[in-house]
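Q:
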Amino acid sequence: MPLDGPATSQESTFQQIIVQDEAVSRISPFAESTHAPLVLIFTRSDCPISNRYAPEVKKIVEQFKPLQVRFWLVYPDPSLTVEKIREHLREYDYPCPGLRDPDHDLVKIAGASITPEVAVYDRSHRLVYRGRIDDRYVDFGKSRPQPTQRDLHDVLDALWAGTDVTFRSATAIGCRIADLSN
Amino acid sequence: MTARHWIIAGICVALIGTLLTVFRWEQRLAHDTQASRAQREQQTPLEPTEPQQRAQPKELTEAEPFTLRPPNSVTYSRHIAPIFFQHCAACHRSGEAGPFALLEYADCRSHASQIADVIRRGIMPPWLPDSKLVNYTDQRVLSATEIGLICQWVDEGAVEGDRSDLPPQPQWVNGWQLGQPDMVLEFPRPFTLPSGGGDVFRNFVIPVGLAEKKYVRAVEIRPGNPRVVHHGVLLIDSTGQSRKLDEEDVEPGFGGMIYGPAAHSPDGFFIGWTPGKMPFQAQADMAWDLNPGTDIVLQLHLVPGGKQEQVEAAIGLIFSDKPPTKIPMVLRVGPRTIDISSGDSDYRIRDQFVLPVDVDVLSVYPHAHYLGRQMLGEIVRPDGFRQPLIRIAAWDFKWQDEYRFPTPIPVEKGATLSMEFSYDNSPENIRNPSQPPRRVTYGPESSDEMGDLWVQVLPRNERDRDILRAARAKKDFEAELMGCAFEVKIRPKDIKARYNLACMLESLGELDAAAAHYTQALRISPEHAPSMNNLGVVRCKQGRYADAIPHLEKALRLSPDLEDARHNLNLAREAIKQAPKP
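So the protein sequences, as listed, match chains A and B.
Under this note's numbering, think of the first position of the first sequence as 2, with each following residue one higher.
Under this note's numbering, think of the first position of the second sequence as 5, with each following residue one higher.
Quick look at the structure:
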């Protein structure tokens, strides 16, 4: 069920979410990053729009990682093996770890529906943003040469500045996660 | 008096053929701007006019409406796989342009609702022309039934069905699609495309090294990496200029969207590569000349895909052993005076060309950049009957292509080839390269605009071809001259624009106007030796030898290697000597 507004702190539920990372250990991204803002980036290896965002994701991760923001790429495709995830991370030069989410636990908790789509949680793991990375794409095959709004970057900037951030969402363009469920 | 051969310094723009008629270009330019303003006020979509008079080709039957099939009866194996095999797999298979394969149930299932979305809205398969108006060879269009079946299948859960219903997988030829070429040209080394950033336009120069002239009947371009190559255009250059540009750039190839006097399409053909398209093979009696010393320039439009990629294209040439007996020509309609003010969401251009002979129209290739919105190309018969050649309701630079008619369209002498394009330079055009928008004028770079309708025609005989060639040269010269005059108008301080215009006027015999522009050029750049020389030549042509000599002398001082100036100076001195003393 997609969350329609800001989640109340569901720390206990969140910590029960255990997914596989690309090193095959079982981890909970929420338990891993207590008191740190957290970004889940939903992606899939065969989605052209997702893949085109790799350089932008890298730029943002490199900018905010030193500021203690945790980033995970989340792969909701159940047919994608850990091997394949590792290969994808390497090929696209992602500077953050990947998580396999075959049962869509993270998808549901974040209310994600598209790849690429991001869910941003603040220090107390309140969902403050869900949606597109920026507004470069307006439809399939229809993109701006430059984004005019950098949503993910801007929300992280606001969190870093300590501004009170209220929940916001913006429609993402890309492949549908629902096509991956059984 | 013996005929003297004055040499003017080289002209920077292509000057094609001879022009016999002198016309008032200033008036034409003024008229043109007025006309486009009047057109703009109309603000109507580009519709083929007078529909009652429009041709209705027989093949274009009204699409039959789709009737829903019994619930849960539509399956992948029986109904959907054949559609995907036929209409999608050419691109959506491994090694081709599509981002994923659509050959197996699992792959199709994992994109099902997105597939329904893109086919319902006509985004896939990619096809720009209005398919209800004109049919083309290899057109990528789904019928209403096919769309209906796919949507019903997705809405009902995209079930697989019985695998024994599956048709055999389509078979693909590995390697060269047209068979082993007579000659294979390869990139000397691969080009590395970065992972991100904007689109890249790159020109790769490949020396051919022929010992003798060849007639090229077919070209197969293998882009090397179709996931990032969006389209390719093959040009030829016999001047060595492109090779020089390539050598000056440390990376393979050189950047930009150049076309021009140096690199151009083989006369009479468009040779290109677009995703999923079979290379075109002309009949044996239709071919183009490839001469020794000519380089091939492959211009690639590359779109970064998120990771670094190596691009290494190859070109296969198939020769014909006989010289061609049918020689097509490409006619260009479209003004070079495009000037779109910032914010204008419906700027329009129009142009036309009256055919002086009977021809058969073989194909069309419309071209604009990122501001292009709608396009219409028509043949207006002498009796007023309008036959559409192409209509595009939503232009997309990325999917530009050549559109070939299944059978050539016979067109009689006196018919008019006409085009009208519209442009959107408002902030609402999300493809606008400039935000906020800025004034955009005619030019080859992706931030400039173009508006060309190229039409490939076949004249019926040698005599007609000569007549058509002369008419085309006149048309191209006029367009070029208007373009140069326009350049000077918008960039009065640009020496190159000024100089080009002066050269063209001079070749028209408009000596006073030419002299005025050379003088202006020298005011902008007093040391410009070619202008100095040419001003001297104009004075000679006017019989003002005494006035010419200081200019020619100065040209020689500015550029002692300028042999032309030396030659002209000698002629001028001789002319003065021979002239009867007053």
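The beta-carbon is built from N, C-alpha and C at its ideal position, and this holds for glycine as well.
Any residues in the segment 122-141 of chain A with a beta carbon nearer than 7 angstroms to a beta carbon of chain D? Which ones, in chain order?
A: In the structure shown, chain D cannot be found, because the protein chains are A and B.
Q: Please check if any C-beta of chain B sits within less than 8 angstroms of the C-beta of A:SER80.
A: For A:SER80, the answer is yes, since a Cβ of chain B falls inside 8 angstroms of its Cβ.
Q: Going straight from the alpha carbon of B:PRO437 to that of A:PRO49, what length do you get?
A: Rounded to the nearest angstrom, the two C-alpha atoms are 22 angstroms apart.
Q: Using 10 angstroms around the beta-carbon of B:TRP176, count the other beta-carbons present and answer buried if the total reaches 16, otherwise exposed.
A: Exposed, by the Cβ-count rule.
Q: So which of B:ALA105, B:PRO256 and B:VAL384 has the shortest CA-CA distance to B:PHE600?
A: Outside the shown range of chain B, which is 5 to 586, sits residue 600 of chain B, and nothing can be said about it.
Q: Terminal residues of the continuous alpha helix (DSSP H) containing B:SER252?
A: Per the sequence presented here, residue 252 of chain B reads as Glu, with Ser not at that position. Looking at the DSSP string, the run of the alpha helix (DSSP H) that includes B:GLU252 is 245-252.
Q: Answer yes or no: does any C-beta atom of chain A fall closer than 8 angstroms to that of B:PHE104?
A: It does: the Cβ of B:PHE104 has a partner Cβ on chain A nearer than 8 angstroms.
Q: Measuring straight from C-alpha to C-alpha, what distance separates A:GLU33 and A:SER51?
A: Their Cα atoms are separated by approximately 25 angstroms.
Q: How would you label A:GLY6, buried or exposed, when you count the other beta carbons within 10 angstroms and need 16 or more for buried?
A: Caution applies to A:GLY6, whose pLDDT of 34 falls short of 50 and renders its modelled position unreliable; the value that the coordinates give is listed next. Looking at its Cβ environment, which holds fewer than 16 other Cβ atoms inside 10 Å, A:GLY6 is exposed.
Q: Would B:PHE89 and B:PRO171 be called neighbours here (beta carbons separated by less than 8 angstroms)?
A: Yes; because the gap between Cβ atoms is below 8 angstroms, this pair is in contact.
Q: How far does the beta strand (DSSP E) with B:ILE383 in it extend, from its first residue to its last?
A: Looking at the DSSP string, the run of the beta strand (DSSP E) that includes B:ILE383 is 376-384.
Q: Would DSSP call B:MET282 helix, strand or coil?
A: Note: B:MET282 maps to coil in three-state DSSP.
Q: Strictly under 8 angstroms for the Cβ-Cβ distance: is B:PRO437 near chain A by that measure?
A: True, the Cβ-Cβ gap to chain A drops below 8 angstroms.
Q: Listing by chain order, which chain A residues have their CB less than 9 angstroms from the CB of B:GLY126?
A: Chain A residues near B:GLY126: none, gap ~11 angstroms exceeds 9 angstroms.
Q: State the Cα-Cα distance for the pair B:ASN465 and B:PHE425, rounded to the nearest angstrom.
A: Computed Cα separation, rounded: 32 angstroms.
Q: On the DSSP letters alone, give me the boundaries of the beta strand (DSSP E) that B:LYS218 sits inside.
A: Element bounds for B:LYS218: 218-226.
Q: Under the rule that 16 or more other beta-carbon atoms within 10 Å means buried, what is A:ASP140, buried or exposed?
A: With fewer than 16 other Cβ atoms within 10 Å, it is exposed.
Q: If you count every other CB in all the chains shown that lies within 10 Å of the CB of A:THR172, and 16 or more means buried, which is it?
A: Exposed, since its Cβ has fewer than 16 Cβ neighbours within 10 Å.
Q: Closer than 7 angstroms, Cβ to any Cβ of chain A: which residues of the segment 174-188 of chain B, in chain order?
A: Correct list: empty, as no residue qualifies.
Q: Return the chain-ordered list of same chain residues with a C-beta closer than 6 angstroms to the C-beta of B:GLY587, the five sequence neighbours on each side being excluded.
A: Outside the shown range of chain B (5 to 586) lies residue 587 of chain B, about which nothing can therefore be said.
Q: Can you find a CB in chain A that lies within less than 8 angstroms of the CB of B:ALA477?
A: False, the Cβ-Cβ gap to chain A never drops below 8 angstroms.
Q: Can you check whether the CB of B:ALA120 is closer than 8 angstroms to the CB of B:ILE154?
A: Cβ distance < 8 angstroms, so B:ILE154 and B:ALA120 count as in contact.
Q: In chain order, what residues of the same chain lie with their CB nearer than 7 angstroms to the CB of B:LEU457, ignoring the 5 residues before and after it?
A: If we look at B:LEU457 and ignore the five residues flanking it on each side, its Cβ neighbours are VAL337, GLY338, VAL368, PRO370, GLY381 and MET423.
Q: Can you tell which of B:ILE394, B:TYR374, B:ASP355 and B:ARG385 has its C-alpha closest to the C-alpha of B:LEU366?
A: B:LEU366 has its Cα closest to that of B:ILE394, out of B:ILE394, B:TYR374, B:ASP355 and B:ARG385.
Q: What are the residues of the segment 146-157 of chain A that lie near chain B, defined by any Cβ-Cβ distance shorter than 8 angstroms?
A: Flagged, chain order: PRO146, GLN147 and THR149.
Q: For B:GLN356, write down the residues that DSSP places opposite it in a beta bridge.
A: DSSP output for B:GLN356 lists B:SER422 as bridge partner(s).
Q: Go through its chain and collect everything with a Cβ distance to A:PRO148's Cβ below 6 angstroms, but skip five positions before and after it.
A: These residues qualify, in order along the chain: ASP135, ASP136 and ARG137.
Q: Anything in chain A within Cβ reach of B:VAL122, meaning under 7 angstroms, just list it in chain order.
A: Within 7 angstroms Cβ-Cβ: PHE141.
Q: Check whether the Cβ atoms of B:GLY260 and B:GLU449 lie closer than 8 angstroms to each other.
A: Yes, these two residues count as a Cβ contact at 8 angstroms.
Q: Does chain A have any CB closer than 8 angstroms to the CB of B:GLN118?
A: It does; some Cβ of chain A falls within 8 angstroms.
Q: Residue ranges of each alpha helix (DSSP H) run of no fewer than 4 residues wholly in the segment 555-579 of chain B, ordered along the chain?
A: Whole alpha helix (DSSP H) segments, 4+ residues: zero.
Q: Out of A:LEU90, A:SER125 and A:ALA120, point me to the one whose CA is closest to A:GLY1's CA.
A: Residue numbering for chain A in the displayed model covers 2 to 183; residue 1 of chain A lies beyond these limits and cannot be assessed.
Q: Between A:PHE43 and A:LYS60, what straight-line distance do the alpha-carbon atoms span, to the nearest angstrom?
A: Between A:PHE43 and A:LYS60, the C-alpha separation is close to 17 angstroms.
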